[in-house]
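Below: one structure, written as structure tokens.
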Amino acid sequence: MKKILVLGGTNFFGKKAVQLLLDKGYDVTLATRGNKPNPFEGKAQHIALDASDRDHAGWEFVQTENWDAVFDNICYYASDAHIRIDKFGKQLEHYYFTSSLAVYDGAKDGFVEADFDPTAYHIDPEKQVDYGEGKRQAEQVLFTKAPFKVTAFRFPIVLDEDDYTKRLHLYVEKALNNDTIQFNNPEAKINFVKGSSAANAIVWVIENQQTGSLNISSRDSISRQTFIEWLQEMTGQTVKVDYTQETITGSPFNTRENWYLISDKIEAAGFGLDELESWLKPLIRTLATEMKASQ
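Our numbering numbers the first residue of the sequence shown as 2 and each following residue consecutively.
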């Protein structure tokens with residue numbers, strides 16, 4: 002039985018990944034700040050740990066155990082990465098963490114892993130650190146300095162019924178309320194990954210000990226115009242849409258350029274990818290039905 006430490010893992014696809022690991026018989030320990038009850042009480046051990054604080058008392062327990070693998074869903078900055086290297090050191094065999102499509106920069110017709118090489122990236126201490134820059138810096142530190150094997154999961158926007166960010170919910174609600182949706186470019190392509198598929202990929206990669214950076218998304222992408230068409234079909238509403246060149250706020254799927262991943266690498270390694278239409282349209286319908294029922 003493999004012994005796995007999960008940093009985070011109480012929300013959304015991280016929680017789904019933990020459940021899969023438990024279902025497969027892994028010995029799982031969750032490390033969180035303890036602000037929420039352990040959702041796996043009696044199934045997974047829990048330790049209180051503020052993983053962004055290198056002096057937190059919870060690290061003492063972490064360092065007394067021998068972990069076969071660590072899955073980290075809460076590494077956001079270079080400082081977090083340095084703490085992981087310091088605390089896990091050479092006794093850890095393999096470290097897996099959640100990165101993002103946001104590490105990629107520029108306009109391109111789909112990003113592949115080679116479009117961002119963390120080992121060649123220079124950290125500019127003067128640069129403002131937003132979410133994408135934080136993930137770039139975390140990858141750079143881990144891939145250039147860690148004494149253990151490292152795998153980075155690069156996800157696009159993750160969607161599912163239990164998505165606490167409710168980004169897809171927002172568009173479904175706008176459609177049902179006859180509110181106008183704004184996008185800059187109807188032809189700009191985007192893709193996503195379903196929460197359950199993200200969890201399946203995490204566990205598959207851990208079981209197959211894949212290393213390096215891995216894009217994990219749907220196999221295909223769609224234009225914003227196609228998204229609107231699916232939204233109309235699945236909600237049964239005529240959706241008002243404004244394609245504008247003005248700056249847009251409150252439209253989380255909006256970008257002016259293509260913004261999607263090409264995930265051929267993990268598929269070539271043996272993990273099956275989903276077609277967007279197979280799950281996104283049913284998900285829109287499910288959310289619309291739930292919202293209508295609650296009105």
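Glycine included, every Cβ here is placed at the ideal spot set by N, Cα and C. Keep in mind the model is a prediction, meaning the values are calculated, not measured.
DSSP beta-bridge partners of residue i
i: Thr30; result: Leu6 and Gln46
i: Val194; result: Val159
i: Gln183; result: Asp243
i: Phe72; result: Val7 and Tyr97
i: Asn216; result: Arg155
i: Ser224; result: Lys190
i: Lys150; result: His95
Whole-angstrom distance between residue j and residue i, CA atom to CA atom
i: Met292; j: Arg286; result: 10 Å
i: Ala153; j: Thr166; result: 22 Å
i: Pro187; j: Ala289; result: 23 Å
i: Thr30; j: Ala82; result: 20 Å
i: Lys175; j: Lys146; result: 46 Å
i: Lys185; j: Ala52; result: According to the sequence as given, residue 185 is Asn; it is not Lys. When rounded, the distance between both Cα atoms is 39 Å.
i: Ser224; j: Ala115; result: 24 Å
i: Ser197; j: Tyr78; result: 26 Å
i: Ala68; j: Gly251; result: Per the sequence presented here, residue 68 reads as Trp, with Ala not at that position. Distance between the alpha carbons of Trp68 and Gly251 is about 42 Å.
i: Thr11; j: Gln20; result: 10 Å
i: Thr245; j: Arg257; result: 10 Å
i: Ile207; j: Phe144; result: 17 Å
i: Ile124; j: Val130; result: 10 Å
i: Asp110; j: Trp260; result: 8 Å
i: Gly271; j: Val204; result: 13 Å
i: Leu6; j: Lys37; result: 18 Å
i: Ser101; j: Phe254; result: 15 Å
i: His57; j: Gly107; result: 38 Å
i: Val173; j: Thr65; result: 48 Å
i: Tyr122; j: Asn179; result: 45 Å
i: Gln183; j: Ile263; result: 26 Å
i: Gln296; j: Ile249; result: 28 Å
Residue burial classification, residue i (beta-carbon count within 10 angstroms, cutoff 16)
i: Glu140; result: buried
i: Thr99; result: buried
i: Ala70; result: buried
i: Arg137; result: buried
i: Asp24; result: exposed
i: Ala199; result: buried
i: Lys4; result: exposed
i: Tyr96; result: buried
i: Asp161; result: buried
i: Asp73; result: buried
i: Tyr105; result: buried
Cutoff 8 Å: residue i Cβ touching any chain B Cβ
i: Ser279; result: Among the protein chains of the structure shown there is no chain B, as only one such chain exists.
Beta strand (DSSP E) runs wholly inside the region 95 to 119, at least 3 long, in chain order: As summarised for the region 95 to 119, the continuous beta strand (DSSP E) elements at least 3 residues long and confined to that stretch are 95 to 101, given in chain order.
Counting Cβ pairs, one atom from each stretch, are 3 or more of them under 8 Å apart for the region 185 to 197 and the region 273 to 289? Three or more beta-carbon pairs separated by less than 8 Å link the region 185 to 197 to the region 273 to 289, which places the two stretches in contact.
Mind the definition here: the region 34 to 52 touches the region 220 to 229 only if three or more C-beta pairs lie below 8 Å; say whether that holds. No, they do not touch.
Give, in chain order, every unbroken run of the beta strand (DSSP E) that is at least 3 residues long and sits entirely within the region 241 to 295. Correct list: 242 to 244.
Quick test of the definition: if touching needs 3 or more C-beta pairs under 8 Å, does the region 83 to 98 touch the region 235 to 243? No, because fewer than three Cβ pairs between the region 83 to 98 and the region 235 to 243 fall closer than 8 Å, the two stretches do not touch.
Would the region 155 to 162 and the region 208 to 218 be scored as touching if the rule is three or more Cβ pairs under 8 Å? Yes, they touch.
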